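> Sequence lines, in order, name chains E and H.
If you count the first sequence from 1, position 107 lands on 107 in the working numbering, and the numbers rise without skipping.
If you count the second sequence from 1, position 214 lands on 214 in the working numbering, and the numbers rise without skipping.
Supplied in structure tokens, the structure appears directly below.
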Amino acid sequence: MESNKNFVLGIYDDEDVLLKAVTKVRESGVKIHEVYSPFPVHGLDEVLGYKRTRLPIAAFLFGLLGTTLALTMQTWMLGFDWPMIIGGKNFASLPPFVPVTFELTVLLSALGMVGTFMIVSDLKPYKKARLMDLRITDDKHVMAIDLAKNKLTIDQIKSIIGDSGATEVNDKKFED
Amino acid sequence: MQVTSSVREPLVTGGKTVHDVTEDICRQVEGKPTKSWMMGMAISLATLGIGTYAVFMLLWEGIGVWGLNKTVGWAWDITNFVWWVGIGHAGTLISAILLLFRQKWRMSINRAAEAMTIFAVICAACFPGLHMGRLWVGFYWALPLPNTWGSLWVNFNSPLLWDVFAISTYFTVSLVFWYIGLIPDFASIRDRATNKISKAVYGALSFGWDGAAKTWMRYESVALILAGLATPLVLSVHTIVSFDFATSVIPGWHTTIFPPYFVAGAIFSGFAMVLTLMLVTRRVFKLEDYITINHIELMNIVIIITGSIVGIAYITEFFIAWYSGVAAEQYAFINRATGPYWWAYWTMMTCNVISPQLFWFKKIRTNIAATFILSIIVNIGMWFERFVIIVTSLHRDYLPSSWAMFYPTFYDVGVYLFTFGLFFTAFLLFAKFFPVINMAEVKSIIKSSSLKSNK
Numbered sequence: 001m002e003s004n005k006n007f008v009l010g011i012y013d014d015e016d017v018l019l020k021a022v023t024k025v026r027e028s029g030v031k032i033h034e035v036y037s038p039f040p041v042h043g044l045d046e047v048l049g050y051k052r053t054r055l056p057i058a059a060f061l062f063g064l065l066g067t068t069l070a071l072t073m074q075t076w077m078l079g080f081d082w083p084m085i086i087g088g089k090n091f092a093s094l095p096p097f098v099p100v101t102f103e104l105t106v107l108l109s110a111l112g113m114v115g116t117f118m119i120v121s122d123l124k125p126y127k128k129a130r131l132m133d134l135r136i137t138d139d140k141h142v143m144a145i146d147l148a149k150n151k152l153t154i155d156q157i158k159s160i161i162g163d164s165g166a167t168e169v170n171d172k173k174f175e176d
Numbered sequence: 001m002q003v004t005s006s007v008r009e010p011l012v013t014g015g016k017t018v019h020d021v022t023e024d025i026c027r028q029v030e031g032k033p034t035k036s037w038m039m040g041m042a043i044s045l046a047t048l049g050i051g052t053y054a055v056f057m058l059l060w061e062g063i064g065v066w067g068l069n070k071t072v073g074w075a076w077d078i079t080n081f082v083w084w085v086g087i088g089h090a091g092t093l094i095s096a097i098l099l100l101f102r103q104k105w106r107m108s109i110n111r112a113a114e115a116m117t118i119f120a121v122i123c124a125a126c127f128p129g130l131h132m133g134r135l136w137v138g139f140y141w142a143l144p145l146p147n148t149w150g151s152l153w154v155n156f157n158s159p160l161l162w163d164v165f166a167i168s169t170y171f172t173v174s175l176v177f178w179y180i181g182l183i184p185d186f187a188s189i190r191d192r193a194t195n196k197i198s199k200a201v202y203g204a205l206s207f208g209w210d211g212a213a214k215t216w217m218r219y220e221s222v223a224l225i226l227a228g229l230a231t232p233l234v235l236s237v238h239t240i241v242s243f244d245f246a247t248s249v250i251p252g253w254h255t256t257i258f259p260p261y262f263v264a265g266a267i268f269s270g271f272a273m274v275l276t277l278m279l280v281t282r283r284v285f286k287l288e289d290y291i292t293i294n295h296i297e298l299m300n301i302v303i304i305i306t307g308s309i310v311g312i313a314y315i316t317e318f319f320i321a322w323y324s325g326v327a328a329e330q331y332a333f334i335n336r337a338t339g340p341y342w343w344a345y346w347t348m349m350t351c352n353v354i355s356p357q358l359f360w361f362k363k364i365r366t367n368i369a370a371t372f373i374l375s376i377i378v379n380i381g382m383w384f385e386r387f388v389i390i391v392t393s394l395h396r397d398y399l400p401s402s403w404a405m406f407y408p409t410f411y412d413v414g415v416y417l418f419t420f421g422l423f424f425t426a427f428l429l430f431a432k433f434f435p436v437i438n439m440a441e442v443k444s445i446i447k448s449s450s451l452k453s454n455k
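Written as structure tokens, this is what we have:
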């Protein structure tokens, strides 16, 4: 067994072949580390067994924070800190506060959710990409198998990947 | 499983493969600037230069250099503001609303349309900023910041302040939406880069994107929610802009039809600008296989719909002014059509009501030259619409003793030119250094919607 090779990579040209391959590879007992694609492949998360992301919940909670912040800010500023009669309106009445409340709800929801996405996906400026294959961002789909997390030998894994419709089967070692 | 349709026209022609998409879109980013790009840039920079002088003089001397007077306190400034905000709407409509409706034809045009939104909103924001005269203290008038005048806060009851929040939220959300979409494409350019500078710049911009399935899953969820958030924003922004007028008591402004009418007008003018830009971009960058006649026709259909809504709104306004029985309101509309600014009113009517109806003919809506000319006519018409609403309503209101005319000065025109220079310089830089078409999205439909798959 070549222990210095960390990953076995299956390269696929076609997304439909990839989807079938993922199911087949998982059924044969091989644990897939991750699949990399140049574009979103619908249904891939399901066949990989990923749970639905909770980002919508984050968006909702940040939105709620925006609503609270906007209403509190407006009520405090115009109703308590410096009450002033403008056009005979009440110091703090709800209808004129609706537009700003709506905008801040949307703003905080969007920024909060995107921030959360960046953090959980570990995306940040100047981060060096940990690329399995340069062609991932062009036209190839790559299935990566972490050897350390699988009990099968490298040759067994390579044969399973080769039989699943991969056009190439490669090795990849990361230094880190 | 991908499903192909023999009924629908292909969205990508020329038998492109996934790899071809990368090659075609990255070509203009990686290659040297073309002559036409350099020429465009030179004209844009010259315009920006003249405009910058006008802006400098405006800030130095004050807004007295504009042709405003006691009666007409808003003229080109707010006309241009509303016009530019309107231009921006198509970008968000294409990227957000059409995404929610699963309209795949948006994929070739959304990137450039979103860029247009960002730059148009920046141009729009210049006007409320500059019309305050003293821009440097304007932030305290527009934002709820603690200040040295005691704890005197901004007025949350004012539609002008709602505007500040609406525009800044719209800008921020659009920018984030645009940037999130760009990350995977920056990664594609990064991985093809051959020189150190490109590698470093696109490496920094791509945020370490590696194309993992888990990230794609989250990315799609984020895109969908952002679309859901941006959709009501599209409607709210121009609704709130229309409140600037509708909540006042000036005849011709105090109208409940304004919110939907302004939103339709914004989408109308926005799509016209997208067409103007996309027709040039597809020609210059040879993207005819991605932005097809089918795309152009679909955009023209949106123009017919929104143009017709705008036409109905004009007629409704006139009818309601008559039906209200309010003499001042009735006069405002008679004055628009027959008063000293009759030419502006009839330019608006011709450009916005009559010209888009030509798109009912398939031959015209699938003709590139006709579409290009009509898209410019629509934009001219929409500028006049805002001019008519603002200036003709203000120049003659309740008191005949205060009636006056507005004549633009060099500085009115100059500041408008400034925004044109800014817009086209930014757009040209975007078109050269950023991928103008969303590669990742287009790649995802190659199997189902390309000419190859439909054969």
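The C-beta atom is built at its ideal place from N, Cα and C for all residues, glycine as well.
All values derive from a computational prediction rather than experimental measurement.
Does any C-beta atom of chain H lie closer than 9 Å to the C-beta of V120 of chain E?
Mapped onto the first sequence, residue 120 of chain E falls at position 120. Yes, contact with chain H.
> Which of the three DSSP states, helix, strand or coil, is assigned to H33 of chain E?
Taking the first sequence and counting its residues from 1, the one referred to as residue 33 of chain E is at position 33. DSSP places H33 of chain E in coil when its eight states are reduced to three.
> Go ahead and pull the three-state DSSP assignment for G456 of chain H.
Nothing can be reported for residue 456 of chain H, as the shown portion of chain H is limited to 1 through 455.
> Taking C-beta to C-beta, are I87 of chain H and M273 of chain H nearer than 9 Å?
In the second sequence, the residue the question calls residue 87 of chain H occupies position 87. In the second sequence, the residue the question calls residue 273 of chain H occupies position 273. It is a contact, given that the beta carbons lie within the stated cut-off.
> Which of helix, strand or coil does DSSP assign to S3 of chain E?
In the first sequence, counting from the first residue as 1, residue 3 of chain E sits at position 3. Only weak support exists for where S3 of chain E lies, its pLDDT of 46 falling under 50; the coordinates are left without a value.
> So, with DSSP's three-state summary, where would you put L399 of chain H?
Along the second sequence, read from residue 1 onward, the residue named residue 399 of chain H stands at position 399. Coil at L399 of chain H, not helix or strand.
> With F285 of chain H and V436 of chain H assumed to form a contact (beta carbons below 8 Å), what rounded beta-carbon distance in angstroms separates them?
Here residue 285 of chain H refers to the residue found at position 285 of the second sequence. Here residue 436 of chain H refers to the residue found at position 436 of the second sequence. With 8 Å as the limit, F285 of chain H and V436 of chain H qualify as a contact, their Cβ atoms being about 6 Å apart.
> Please classify T392 of chain H as buried or exposed, where buried requires at least 16 other C-beta atoms within 10 Å of its C-beta.
As a working mapping, residue 392 of chain H is identified with position 392 in the second sequence. Result: buried.
> Give me the Cα-Cα distance between K140 of chain E and A187 of chain H, rounded to the nearest whole angstrom.
Taking the first residue of the first sequence as 1, we reach residue 140 of chain E at position 140. Taking the first residue of the second sequence as 1, we reach residue 187 of chain H at position 187. So the two alpha carbons sit approximately 14 Å from each other.
> May I ask you to list, following chain order, the residues of the region 42–64 of chain E that have a beta carbon less than 7 Å from some beta carbon of chain B?
Within the model displayed, chain B is absent; protein chains E and H are what it includes.
> Using only alpha-carbon positions, find the residue among H:A120, H:A75, H:I296 and H:I377 that is nearest to R106 of chain H.
Translated into positions along the second sequence, residue 106 of chain H becomes position 106. It is H:I296 whose Cα lies nearest to the Cα of R106 of chain H.
> Which residues does DSSP list as the beta-bridge partners of G307 of chain H?
Here residue 307 of chain H refers to the residue found at position 307 when the second sequence is read from its first residue. According to DSSP, G307 of chain H bridges with nothing at all.
> When the Cα atoms are used, what is the spatial distance from L279 of chain H to W403 of chain H?
Counted from its first residue, the second sequence places residue 279 of chain H at position 279. Counted from its first residue, the second sequence places residue 403 of chain H at position 403. When rounded, the distance between both Cα atoms is 44 Å.
> Going by the beta-carbon positions, is the gap between F424 of chain H and I50 of chain H smaller than 9 Å?
Within the second sequence, the letter at position 424 stands for residue 424 of chain H. Within the second sequence, the letter at position 50 stands for residue 50 of chain H. No.
> What number of angstroms, rounded off, separates the C-alpha of V173 of chain H from the C-alpha of A166 of chain E?
Residue 173 of chain H sits at position 173 when you count from the first residue of the second sequence. Residue 166 of chain E sits at position 166 when you count from the first residue of the first sequence. Rounded to whole angstroms, V173 of chain H to A166 of chain E spans 40 Å at the Cα level.
> Using a Cβ distance threshold of 8 Å, determine whether the region 159–179 of chain H contacts the region 99–118 of chain H, with at least three qualifying pairs required.
Output reads yes: the region 99–118 of chain H touches the region 159–179 of chain H.
> Helix, strand or coil, according to DSSP, for M273 of chain H in the structure here?
Along the second sequence, read from residue 1 onward, the residue named residue 273 of chain H stands at position 273. If DSSP states are grouped into helix, strand and coil, M273 of chain H belongs with the helices.
> Along chain H, which residues have their Cβ under 8 Å away from the Cβ of V30 of chain E?
Working through the first sequence from its first residue, we reach residue 30 of chain E at position 30. Chain H residues near V30 of chain E: none, gap ~16 Å exceeds 8 Å.
> Please state the DSSP three-state secondary structure of Y261 of chain H.
One-based indexing of the second sequence puts residue 261 of chain H at position 261. Helix, per DSSP.
> So L226 of chain H contacts chain E; which residues on that side make the cut at Cβ distance below 7 Å?
The residue you call residue 226 of chain H lines up with position 226 of the second sequence. Ordered by position in chain E, the residues that pass the 7 Å Cβ test against L226 of chain H are A110.
> Which residues bound the beta strand (DSSP E) around M143 of chain E?
For the purposes of this step, residue 143 of chain E is taken as residue 143 along the first sequence, with counting starting at 1. Taken as a continuous stretch (DSSP letters only), the beta strand (DSSP E) holding M143 of chain E covers H141 to D146.
> Which chain E residues sit within Cβ distance under 7 Å of I240 of chain H?
Against the second sequence, residue 240 of chain H aligns to sequence position 240. Near I240 of chain H (Cβ distances below 7 Å), the residues of chain E are P99.
> Use the C-beta contact count for T256 of chain H: other C-beta atoms within 10 angstroms, 16 or more gives buried, fewer gives exposed.
As a position in the second sequence, residue 256 of chain H is number 256, starting the count at 1. With fewer than 16 other Cβ atoms within 10 Å, it is exposed.
> Is the beta carbon of K172 of chain E less than 9 Å from the beta carbon of M132 of chain E?
The residue you call residue 172 of chain E lines up with position 172 of the first sequence. The residue you call residue 132 of chain E lines up with position 132 of the first sequence. Going by C-beta atoms, K172 of chain E is nearer than 9 Å to M132 of chain E.
> Three-state secondary structure (DSSP) at I250 of chain H?
On the second sequence, position 250 is the one that residue 250 of chain H refers to. Looking at I250 of chain H - three-state DSSP - the assignment turns out to be coil, as it is neither helix nor strand.
> Tell me L9 of chain E's beta-bridge partners as DSSP assigns them.
Residue mapping note: residue 9 of chain E aligns to position 9 of the first sequence, counting from 1. DSSP lists E:A144 and E:N170 as partners of L9 of chain E.
> Locate the alpha helix (DSSP H) running through Q74 of chain E, then write down its first and last residues.
Within the first sequence, the letter at position 74 stands for residue 74 of chain E. L55 to Q74 is the span of the alpha helix (DSSP H), which, as asked, contains Q74 of chain E.
> Buried or exposed: where does L143 of chain H fall if 16 or more other Cβ atoms within 10 Å of its Cβ makes it buried?
Position 143 of the second sequence, counting from 1, holds the residue named residue 143 of chain H. Exposed, by the Cβ-count rule.
> Under three-state DSSP, which class holds A212 of chain H?
Along the second sequence, read from residue 1 onward, the residue named residue 212 of chain H stands at position 212. Strand at A212 of chain H.
> Could you check what DSSP says for V12 of chain H in three-state terms: helix, strand or coil?
In the second sequence, counting from the first residue as 1, residue 12 of chain H sits at position 12. It is a strand residue.
> Given this structure, state the Cα-to-Cα distance separating L93 of chain H from P184 of chain H, to the nearest angstrom.
Locating residue 93 of chain H in the second sequence gives position 93, where the first residue counts as 1. Locating residue 184 of chain H in the second sequence gives position 184, where the first residue counts as 1. One C-alpha to the other measures close to 22 Å.
> Below 8 Å on the Cβ atoms is my guess for G381 of chain H versus N352 of chain H; work out the distance and round it to an integer in Å.
Here residue 381 of chain H is taken as the residue at index 381 of the second sequence, counted from 1. Here residue 352 of chain H is taken as the residue at index 352 of the second sequence, counted from 1. Between N352 of chain H and G381 of chain H the Cβ distance is about 4 Å, and since that is below 8 Å, they are a contact.
> How about T137 of chain E: is its C-beta nearer than 9 Å to some C-beta of chain H?
Within the first sequence, the letter at position 137 stands for residue 137 of chain E. Cβ-Cβ to chain H under 9 Å: yes for T137 of chain E.
> Take E30 of chain H as the anchor and find which of H:A431, H:T366, H:E441 and H:K443 has the nearest alpha-carbon.
For the purposes of this step, residue 30 of chain H is taken as residue 30 along the second sequence, with counting starting at 1. Selected option, being the one with the closest Cα: H:A431.
> Is D163 of chain E helix, strand or coil when you go by DSSP?
The residue you call residue 163 of chain E lines up with position 163 of the first sequence. It is helical.
> Consider the Cβ of I373 of chain H: report whether some Cβ of chain E lies at a distance smaller than 9 Å.
Translated into positions along the second sequence, residue 373 of chain H becomes position 373. Taking Cβ atoms only, chain E never reaches closer than 9 Å to I373 of chain H, which makes this a no.
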